[in-house]
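Asks: Attaching a single structure in structure tokens format; questions to follow.
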Amino acid sequence: MTLDCELRDADEPLLHADDMAALRGDGVFETILVRRGRALNLEAHLKRLAQSAAMLELPEQNAQEWRDAVAMAVQRWGDRREGVLRLVYSRGREYAGSAVTAYVLVSPLNQRVHQARSSGVTVISLERGYASDLKEYAPWLLLGAKTLSYAVNMAAIRYAARNGADDVIFVSSDGYVLEGPRSTVMILRGRELVTPPVDYGVLPGTTQRAVFDMADEHGFQASYAPLTVVDLLNADGAWLVSSVALGARITSVNGIRMPEPKLALDVARLIDRAVEKAD
Ligand code: PLP
33 MTLDCELRDA DEPLLHADDM AALRGDGVFE TILVRRGRAL NLEAHLKRLA
83 QSAAMLELPE QNAQEWRDAV AMAVQRWGDR REGVLRLVYS RGREYAGSAV
133 TAYVLVSPLN QRVHQARSSG VTVISLERGY ASDLKEYAPW LLLGAKTLSY
183 AVNMAAIRYA ARNGADDVIF VSSDGYVLEG PRSTVMILRG RELVTPPVDY
233 GVLPGTTQRA VFDMADEHGF QASYAPLTVV DLLNADGAWL VSSVALGARI
283 TSVNGIRMPE PKLALDVARL IDRAVEKAD
């Protein structure tokens with residue numbers, strides 16, 4: 033579905049060969065869970081899409097046009113099964129003047145997601161290659177924007193797989209936990225949920241934000257604080273949090289097992305309620 037609400041055949045080509053999404057990864061995107069015929073936490077995703085676009089100096093888009101295209105795509109998808117909705121927005125064709133490319137698509141969840149939700153994930157920590165304060169003085173690195181340039185993130189996940197782990201936790205050059213290649217890191221200490229500060233150059237997670245907004249109602253506190261890998265191992269539980277997998281419990285870090293948290297079910301319920309209720 034393109035932003036003009038024109039329904040496209042999923043088996044027909046949509047992008048031109050010189051689209052800047054393909055040539056440079058020059059664009060932004062969002063990934064949203066579709067459940068029971070709704071795009072969950074849509075407004076937070078639209079807000080982040082607009083913020084990412086502004087960081088890339090892409091023309092401002094009309095949020096209502098996204099909402100309309102999402103509504104049509106979700107309606108076509110139906111309410112019987114979950115889906116992964118993506119909003120994609122690139123600078124458009126290299127030689128086509130000012131026309132941008134914008135579309136939404138829905139696809140089925142892959143098996144990995146079901147596995148992560150039910151059995152959790154093993155992770156390894158990998159260097160991200162920058163210090164936790166880099167965002168402050170290097171805006172051209174687009175830290176905190178959800179750009180289409182995910183090749184490094186995907187490479188890290190393949191590296192983890194080759195080393196027997198399901199996923200990755202990126203660590204800054206000064207030793208702080210940043211985020212997963214497609215998730216926010218969240219730990220539990222007592223009844224306090226803690227996540228790394230966004231000014232460490234991590235993507236501001238919409239799921240983590242929704243969870244923090246509702247934490248109080250479920251008897252949890254929530255805070256942002258610098259974390260190390262040792263903090264993770266000493267925590268009463270740790271999760272990779274994201275829109276589609278929701279809460280994937282971390283079962284081991286660098287081969288060291290993390291026992292099942294006593295409050296695992298409560299945290300899972302909080303995450304579920306938070307994303308269902310966010311809009
Ligand atoms: N960090 C990165 C790098 C991501 O790619 C994602 C999600 O794709 C997240 C964090 C989690 O964000 P959200 O909860 O909005 O899905």
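Quick note, the working numbering runs 32 ahead of the 1-based positions in the sequence shown. Idealized CB from N, CA, C, for every residue including glycine. Only a predicted model underlies this, so the values are computations on that prediction, with no experimental measurement involved.
(1) Count the other CB atoms within 10 Å of the CB of I312; is the residue buried (16 or more) or exposed (fewer)?
(2) Beta-carbon within less than 7 Å of V276's beta-carbon, same chain only, minus the 5 sequence neighbours each way: which residues are those?
(3) Can you list, in chain order, the residues of its chain with a C-beta nearer than 6 Å to that of P258? Leave out the 5 residues immediately preceding and following it.
(4) Identify which residue in A76, R221, G269 has its Cα closest to the Cα of A310.
(5) For A183 and L235, I'd like the C-alpha separation in whole angstroms.
(6) Who does R67 pair with in a DSSP beta bridge?
(7) I want to check one thing, is the minimum distance from the CB of Q240 to the heavy atoms of the ligand PLP below 8 Å?
(8) Could you tell me which uninterrupted beta strand (DSSP E) segments, each at least 3 residues in length, are contained entirely in the region 80-156, listed from first to last along the chain?
(9) In whole angstroms, what is the alpha-carbon distance linking A103 and M33?
(10) Return the CA-CA distance between R125 and S150, expressed in angstroms with no decimal places.
(11) Per DSSP, which one or two residues make a beta bridge with Q253?
(12) In the DSSP assignment, find the unbroken alpha helix (DSSP H) run with D36 in it and report its ends.
(13) Since V132 contacts L90 with CB under 8 Å, what's their CB separation in whole angstroms?
(14) For D51, which residues does DSSP report across the bridge?
(15) In whole angstroms, give me the CA-to-CA distance for L295 and N73.
(16) Indicate whether at least one CB of chain B lies closer than 9 Å to the CB of V203.
Replies: So, from the listed chains and residues:
(1) Shown here, the chain extends from 33 to 311; a query on residue 312 therefore has no answer.
(2) T63, L65, V116, L141, V145, listed in sequence order.
(3) Y208
(4) The candidate whose alpha carbon is nearest that of A310 is A76.
(5) Each residue's alpha carbon lies about 16 Å from the other.
(6) R70
(7) Yes, the beta carbon of Q240 sits closer than 8 Å to at least one heavy atom of the ligand PLP.
(8) Within the region 80-156, the complete beta strand (DSSP E) segments of 3 residues or longer fall at 115-122, 133-139, listed in chain order.
(9) For A103 and M33, the distance between alpha carbons rounds to 10 Å.
(10) 42 Å
(11) E224
(12) Run containing D36: none; DSSP gives neither H nor E here.
(13) 7 Å
(14) In the DSSP assignment, the residues bridged to D51 are R125.
(15) 24 Å
(16) Looking at the structure shown, chain B is missing, and only one protein chain is on hand.
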